[in-house]
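Each remark here refers to the structure printed beneath this line.
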Amino acid sequence: MATLHKCHERANHRSAEESPRRESGHQLFVSMLIILLSKTEYDRRQGEHEAAKIVVDMRTEMRRLESNLRADMRADMGRIESKVGSLDSKDGDLEAALKRVEGTLDIVIDMTKPALSKTE
1 MATLHKCHER ANHRSAEESP RRESGHQLFV SMLIILLSKT EYDRRQGEHE
51 AAKIVVDMRT EMRRLESNLR ADMRADMGRI ESKVGSLDSK DGDLEAALKR
101 VEGTLDIVID MTKPALSKTE
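So for the sequence shown, UniProt numbering puts the first residue at 1; every next one is plus one.
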């Protein structure tokens, strides 16, 4: 507001020096005000343009981060599936080992039955 007041005073001062008519001072003030408003409008549009660029950059960055996160998650899932797959294959080995142990126990039981029956 102070800037507008100073512009008006300058316009009145110039108009008093340039012409005796006070209206030309008002015309000068109006012209300066239009220039100031035009500059303000230009700055506002530039600000909006810069803000739009920032929003686009932020969206691009968010998409990049989301893509990286998805890739990381896929890699993690791949590692987890690999671990589960290896556990499944070890379970197969474990089942075979259990069958071997059961077979061995059967043999041991068969071998110890005659000795156990003699002690009874």
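All C-beta atoms, glycine included, are put in the ideal place defined by N, C-alpha and C.
How should S15 be labelled, buried or exposed, when 16 other C-beta atoms within 10 angstroms of its C-beta is the threshold for buried?
Its pLDDT being 49, under 50, S15 is placed unreliably by the model, and the measurement read from it follows with that caveat. Under this definition S15 is a buried residue.
Give the straight-line distance between the Cα atoms of I35 and S67, rounded to the nearest whole angstrom.
48 angstroms
Quick one: complete alpha helix (DSSP H) runs, 4+ long, within the stretch 17–83?
none
Contact set for K53: own chain, Cβ-Cβ below 7 angstroms, skip 5 residues either direction
none
How many Å lie between L28 and E48 at the Cα?
30 angstroms
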